Amino acid sequence: MQCAPSLVLVLSALLLALGLLLLWLNGHSPSRYGKHEQERQDAAAEGRRAPHLPARCAWFLQELPSLLVPALLLALSSPPRCASLGCRLLGCMFCGHYFHRTFIYSLFTRGRPFPLKTFFFSMLFCIYNGFLQGYYMIFCAEYPDDWCKDIRFTSGILLFLFGMGINIHSDVLLRQLRKPGELTYKIPQGGLFAYVSGANFFGEILEWFGYAIATWSLPAFAFALFTLCFIGPRAHHHHRYYLRTFTNYPRSRKALIPFIF
6 MQCAPSLVLV LSALLLALGL LLLWLNGHSP SRYGKHEQER QDAAAEGRRA PHLPARCAWF
66 LQELPSLLVP ALLLALSSPP RCASLGCRLL GCMFCGHYFH RTFIYSLFTR GRPFPLKTFF
126 FSMLFCIYNG FLQGYYMIFC AEYPDDWCKD IRFTSGILLF LFGMGINIHS DVLLRQLRKP
186 GELTYKIPQG GLFAYVSGAN FFGEILEWFG YAIATWSLPA FAFALFTLCF IGPRAHHHHR
246 YYLRTFTNYP RSRKALIPFI F
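Note that the working numbering gives residue 84 to position 79 of the sequence shown, counting from 1, and the numbers run on in steps of one.
This is the structure:
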């Protein structure tokens, strides 16, 4: 399989267009899963109308293609690609995030059952994005031997690791709010939640912008902008939910960016 720059350009443009569409749609109302599904509909009635998957099963299955698709592309490459140290490290960054999401986050999550429709579209997205990022990195990316010393690589990987740390730590704090089997929502405390309602979202956005800078590639920047467009509005709706639900919710907190928004 050879690199097709036109394919990369088209798929990246479609990814960005999808992000802008979701920004417009979710700007008016949040995606209907988790606390927002509970808020907008009667849980018992919705449970009879639409099928759901257990949260752990849903997260595992929908995130898994982001690992399997690049692995399959790598297996199909002949001769084997990703020979440079830069490519290998960048590939490990992408797969490392989804290894955590697939095998660790999904195992410990205590979220509500996941709507089957949302699960289906999430899995399709992971197949699409896994193909785009994997295809570019395996068949198209070319980095000089000293790319690991480039300021774009070093600053990007530091931002990626910083964001990943915030994301994982915030997820742990959210899990600790609930006892096993408990589905009620409480005010997040600790870590970056002292400053923003969407600390986990903020961390993930930093991750993918760090990855985009480190790879300096169109597909990665399209994915970073998609992430911002998709989970940025969700952080805003989380913030509004907390303010409506809890009278003692800290008014000094912002929705997504500390001290700003």
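Just so it is clear, CB atoms sit at the ideal spot from N, CA and C, and this is done for glycine as well. These figures come from a predicted structure and were not determined experimentally.
Tell me, please, which residues DSSP counts as bridged to residue i.
| i | result |
| --- | --- |
| residue 120 | 57 |
| residue 259 | 201 |
Going by other Cβ atoms of all chains shown within 10 Å of its Cβ, with 16 needed for buried, is residue i buried or exposed?
| i | result |
| --- | --- |
| residue 6 | exposed |
| residue 78 | buried |
| residue 126 | exposed |
| residue 112 | exposed |
| residue 2 | Residue 2 is absent from the structure shown; the chain starts at 6 and stops at 266. |
| residue 245 | exposed |
So residue i is in the alpha helix (DSSP H); what residue range does that whole segment cover?
| i | result |
| --- | --- |
| residue 172 | 156–181 |
| residue 210 | 204–220 |
| residue 13 | 10–33 |
| residue 146 | Careful: residue 146 lies outside any alpha helix (DSSP H) and carries neither H nor E. |
So, for residue i: in the same chain, excluding its five sequence neighbours on each side, which residues have a beta-carbon less than 8 Å away from its beta-carbon?
| i | result |
| --- | --- |
| residue 22 | none |
Quick one: what's got a C-beta closer than 7 Å to residue i's C-beta in the same chain, skipping five residues either side?
| i | result |
| --- | --- |
| residue 218 | 157, 160, 161 and 164 |
| residue 95 | 142, 219 and 220 |
| residue 72 | 100, 103, 104 and 107 |
| residue 74 | 132, 135, 136 and 139 |
| residue 8 | 144 and 145 |
Ignore the nearest five residues each way along the sequence and tell me which others in residue i's own chain have a CB closer than 6 Å to its CB.
| i | result |
| --- | --- |
| residue 183 | 115 |
Can we say the segment 211–218 touches the segment 166–179, given the rule of at least three CB pairs closer than 8 Å?
yes
Say whether the segment 148–155 touches the segment 91–101, bearing in mind that this needs 3 or more beta-carbon pairs closer than 8 Å, one atom from each stretch.
yes
Does the count of Cβ pairs from the segment 15–28 and the segment 219–233 closer than 8 Å reach three?
yes
Any chance the segment 245–255 sits against the segment 185–202, with 3 or more Cβ pairs inside 8 Å?
yes
Please confirm if the segment 140–147 is in contact with the segment 177–184, defined as three or more CB-CB distances below 8 Å between the two stretches.
no
Are the segment 193–204 and the segment 104–123 touching, with three or more C-beta to C-beta distances below 8 Å?
no
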